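S.K.: As given, the protein sequences belong to chains U and P, one line each in that order.
The first sequence begins at 1 in the working numbering and counts up by one.
The second sequence begins at 235 in the working numbering and counts up by one.
By construction, the Cβ of each residue, glycine as well, lies at the ideal position given by its N, Cα and C atoms.
It should be emphasised that the depicted structure is a prediction, and the values quoted were computed from it without experimental measurement.
Would you mind keeping the following structure in view while I ask a few things?
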Amino acid sequence: MTTRIGVVTFPGTLDDRDSLRAVRLAGAEPVSLWHRDKDLHQVDAVVLAGGFSYGDYLRAGAISRFSPVMETIIEQAKAGMPVLGICNGFQILTEAHLLPGAMLRNNHLHFICREQKLRVENAETAWTGDYTAGQEISVPLKNMDGRYVADEHVLDELEAEGRVAFRYAVDGEAADGYGNPNGSLRDIAGITNAAGNVVGLMPHPEHAVEPLIGTGRTDGLPFFTSVLKKLVSA
Amino acid sequence: MARVVVDVMLKPEILDPQGQAVQRALPRLGFEGIADVRQGKRFELEVEGPVDQAALDRIHKMAETFLANTVIEDFTVKVEA
Numbered sequence: 001m002t003t004r005i006g007v008v009t010f011p012g013t014l015d016d017r018d019s020l021r022a023v024r025l026a027g028a029e030p031v032s033l034w035h036r037d038k039d040l041h042q043v044d045a046v047v048l049a050g051g052f053s054y055g056d057y058l059r060a061g062a063i064s065r066f067s068p069v070m071e072t073i074i075e076q077a078k079a080g081m082p083v084l085g086i087c088n089g090f091q092i093l094t095e096a097h098l099l100p101g102a103m104l105r106n107n108h109l110h111f112i113c114r115e116q117k118l119r120v121e122n123a124e125t126a127w128t129g130d131y132t133a134g135q136e137i138s139v140p141l142k143n144m145d146g147r148y149v150a151d152e153h154v155l156d157e158l159e160a161e162g163r164v165a166f167r168y169a170v171d172g173e174a175a176d177g178y179g180n181p182n183g184s185l186r187d188i189a190g191i192t193n194a195a196g197n198v199v200g201l202m203p204h205p206e207h208a209v210e211p212l213i214g215t216g217r218t219d220g221l222p223f224f225t226s227v228l229k230k231l232v233s234a
Numbered sequence: 235m236a237r238v239v240v241d242v243m244l245k246p247e248i249l250d251p252q253g254q255a256v257q258r259a260l261p262r263l264g265f266e267g268i269a270d271v272r273q274g275k276r277f278e279l280e281v282e283g284p285v286d287q288a289a290l291d292r293i294h295k296m297a298e299t300f301l302a303n304t305v306i307e308d309f310t311v312k313v314e315a
């Protein structure tokens with residue numbers, strides 16, 4: 001049986017096509033999910049793609065979080081289904097309280113769009129098994145509200161439990177994609193829940209899956225192959 | 235109809251770069267003497283029916299679950315005369 005991975009489209013989602021494509025390139029069957037449809041159509045995992053759902057009105061992700069499809073996703077995520085939130089999807093996951101903390105306007109107030117170096121901190125989540133801890137990867141970053149914040153005690157807890165999944169790599173030149181691009185606390189680019197099935201990050205692995213496109217790197221593909229392996233071996 | 239106002243502000247410990255940008259622009263425009271600016275959101279709710287305790291409780295719940303993200307924001311609920 002093929003593994004089915006769903007990608008949700010909200011009004012204002014931009015990266016659903018690229019996410020579906022990444023799923024297909026990884027060898028799974030991509031399934032489009034619609035925000036008003038509670039039914040997940042027997043998918044084994046879900047990707048919440050990037051974009052500006054509901055125009056970022058109120059707060060990024062705040063309105064999408066209450067959509068019919070999210071009711072089922074929240075329920076299934078709590079039951080262990082792998083869920084990946086990319087950019088706006090990460091914002092939706094924090095608004096839904098599936099992941100702690102919140103995302104705020106970049107500290108420099110500019111939209112940022114660049115190639116970003118990341119360090120993989122946790123290679124044991126459902127979405128990072130094909131990486132090795134400490135590995136450096138390069139994927140596109142493009143957002144306005146990317147500054148990760150949380151209480152000090154939440155940050156300490158995330159660090160202590162190894163739940164910082166990705167950090168912005170800061171030991172290098174900005175021109176080469178290094179540095180904290182938005183003022184995120186402790187250089188956090190992505191986190192996981194305690195169970196490791198829910199992962200959110202601001203940069204875009206789904207844009208780095210084909211050698212012919214962009215910078216020619218496929219550093220984002222392991223997200224999708226990792227979850228596929230995890231599901232097949234489960 | 236009665237109006238209830240919900241004010242939402244970033245918590246004091248959260249950096250507000252928008253407020254800072256406004257504050258930095260003020261002297262350039264000739265407005266001196268403002269030490270700090272923080273920017274928030276104001277929601278004006280036109281309430282159907284009486285604004286009794288039950289209605290205020292509902293609005294409080296609404297602010298807590300939706301209008302504000304209490305991870306980063308505080309809110310106040312006021313009935314306008």
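Closer than 9 Å, CB to CB, is Leu-249(P) near chain U or not?
M.R.: It does: the Cβ of Leu-249(P) has a partner Cβ on chain U nearer than 9 Å.
S.K.: Using 9 Å as the limit for Cβ to Cβ distance, is Arg-106(U) near chain P?
M.R.: One detail in the question is off: residue 106(U) reads as Asn in this sequence, not Arg. For Asn-106(U), the answer is yes, since a Cβ of chain P falls inside 9 Å of its Cβ.
S.K.: Would you say Gly-85(U) and Val-199(U) are within 9 Å of each other, going by their C-beta atoms?
M.R.: Contact: yes.
S.K.: To the nearest angstrom, how far is the alpha carbon of Pro-100(U) from that of Ala-194(U)?
M.R.: Roughly 11 Å between the two C-alpha positions.
S.K.: Is there a Cβ from chain U that is less than 9 Å from the Cβ of Gln-252(P)?
M.R.: Yes, Gln-252(P) lies at the interface with chain U (some Cβ there is under 9 Å from its Cβ).
S.K.: Where Glu-159(U) and Asp-219(U) are concerned, what is the direct C-alpha to C-alpha distance, given to the nearest angstrom?
M.R.: Using only the alpha carbons, I get a separation of about 24 Å.
S.K.: Does any residue of chain P bring its CB to less than 9 Å from the CB of Arg-163(U)?
M.R.: No, Arg-163(U) does not count as interfacial toward chain P.
S.K.: Given that a residue counts as buried once 16 or more other Cβ atoms are within 10 Å of its Cβ, and exposed if not, what is Ser-233(U)?
M.R.: The residue in question, Ser-233(U), is exposed, as its Cβ has fewer than 16 Cβ neighbours within 10 Å.
S.K.: Following the continuous beta strand (DSSP E) through Ser-138(U), name the residue where it begins and the one where it ends.
M.R.: 136-143 is the extent of the beta strand (DSSP E) around Ser-138(U).
S.K.: Does the distance from the CB of Val-23(U) to the CB of Val-8(U) come in under 9 Å?
M.R.: No, the pair does not count as a contact, with Cβ atoms beyond the cut-off.
S.K.: Looking at Ala-133(U): is its Cβ nearer than 9 Å to the Cβ of Pro-82(U)?
M.R.: Contact flag unset, no.
S.K.: To which residues of the same chain is Phe-111(U) closer than 6 Å at the C-beta, ignoring the five residues directly before and after it?
M.R.: Closer than 6 Å at the Cβ level, and outside the excluded window around Phe-111(U), lie Met-144.
S.K.: Would you say Leu-118(U) and Ala-49(U) are within 9 Å of each other, going by their C-beta atoms?
M.R.: Going by C-beta atoms, Leu-118(U) is not nearer than 9 Å to Ala-49(U).
S.K.: Does DSSP put Met-235(P) in a helix, a strand or coil?
M.R.: Looking at Met-235(P) - three-state DSSP - the assignment turns out to be coil, as it is neither helix nor strand.
S.K.: Quick one: what's Trp-34(U) bridged to in DSSP?
M.R.: Thr-9(U).
S.K.: Could you give the distance in angstroms between the alpha-carbon of Leu-20(U) and the alpha-carbon of Leu-14(U)?
M.R.: Cα-Cα distance, rounded: 12 Å.
S.K.: Looking at chain P, is there any beta carbon in it that lies within less than 9 Å of the beta carbon of Thr-94(U)?
M.R.: Output row for Thr-94(U): interface = yes.
S.K.: Under the DSSP definition of a beta bridge, which residues are partnered with Phe-166(U)?
M.R.: BP columns for Phe-166(U) point to Val-120(U) and Gly-190(U).
S.K.: Answer with yes or no whether the minimum CB distance from Phe-300(P) to chain U is below 9 Å.
M.R.: With 9 Å as the cut-off, Phe-300(P) counts as an interface residue toward chain U.
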